[in-house]
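Chemist:
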Amino acid sequence: MTTTAAATPSALLGWLDLVSTDIECSCEFLGELFAWHRFERVQLDGIDYRILGEGGVPILGAEQIRPDQVPSRWTLFVVTDHIVGLLQRVLDAGGALSYPATRLDEFGTIAMITDPAGSTLGVWEARSLVPGSLHANVAPLVGARLTSPDPHATIEFLHQTFAWELT
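Heads up, the sequence shown is in numbering that gives the first Met the number 0, so the first residue is 0 and it goes up one at a time.
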């Protein structure tokens with residue numbers, strides 16, 4: 000499933016986030032593989048957050064987690080210009096909030112949603128860091144693949160929530 004011209008401009012794929020039990024190793028690996036390097040380090044509610052990119056263009060964020068926390072993982076974020084309305088559409092479409100809307104200093108507000116089939120996705124209303132799907136000077140995210148135990152339910156949820164069409 001991809002976003003199309005029919006998709007609302009406030010529901011575009013726009014940011015990747017990596018949490019890792021060994022952030023230094025992960026950042027080194029991404030640097031060697033894709034030439035993505037840390038060019039900014041910020042504090043988000045006391046969390047050391049690294050912004051990686053290429054040529055000064057932000058591509059993803061990364062943070063350290065303790066080894067006893069959930070395994071290292073990637074999260075894909077849909078960027079919105081109105082998170083409150085988006086979260087209401089999630090609930091109206093039968094989804095749930097798996098992490099409530101949380102303000103991250105000057106960077107904006109994030110939340111995690113779960114579709115009726117159990118697939119999770121991040122949503123972000125950006126403030127100061129501009130994600131790729133909103134401005135041309137930031138690397139765009141061109142697509143993602145979602146695996147679901149109930150593809151039909153997930154497709155319907157994504158259509159109702161984001162106005163995405165199967166292509």
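Ideal placement from N, C-alpha and C gives every residue a C-beta, glycine not left out. Note that the structure is predicted; figures quoted are calculated from it, not measured.
When the Cα atoms are used, what is the spatial distance from THR2 to ASP21?
Modeler: Residue placement at THR2 cannot be trusted, given a pLDDT of 38 that sits under 50; what the coordinates show is reported in the next sentence. Cα to Cα, THR2 sits roughly 33 Å from ASP21.
Chemist: When you compare only the Cα positions, how much space is there between GLY55 and PHE33?
Modeler: Cα-Cα distance, rounded: 14 Å.
Chemist: Alpha carbon to alpha carbon, what distance is there between MET111 and GLY142?
Modeler: Looking at the two C-alpha atoms, the distance is approximately 19 Å.
Chemist: ILE50 by DSSP, collapsed to three states: which one?
Modeler: The answer is strand: DSSP assigns ILE50 an E or B state.
Chemist: Could you pull the DSSP bridge partners for VAL78 from this structure?
Modeler: VAL78 is bridged to LEU11 and TRP123.
Chemist: Can you grab the Cα-Cα spacing for the pair VAL137 / ALA92, in whole Å?
Modeler: Confidence in VAL137 is poor, its pLDDT being 49 and thus under 50, which makes the residue's placement unreliable; the coordinate value appears in the next sentence. Computed Cα separation, rounded: 31 Å.
Chemist: Is the beta carbon of GLY60 sitting closer than 9 Å to the one on LEU17?
Modeler: Taking 9 Å as the Cβ cut-off, GLY60 and LEU17 qualify as a contacting pair.
Chemist: Is the distance from the Cβ of ILE46 to the Cβ of GLU39 below 9 Å?
Modeler: No, the Cβ-Cβ distance between ILE46 and GLU39 is not below 9 Å.
Chemist: From the DSSP output, in three-state form, read off GLY84 for me.
Modeler: Residue state, collapsed to three classes: helix.
Chemist: My understanding is that LEU96 touches LEU86, with C-beta atoms under 8 Å, so please give their C-beta distance in whole angstroms.
Modeler: The Cβ separation is near 6 Å, so the contact holds.
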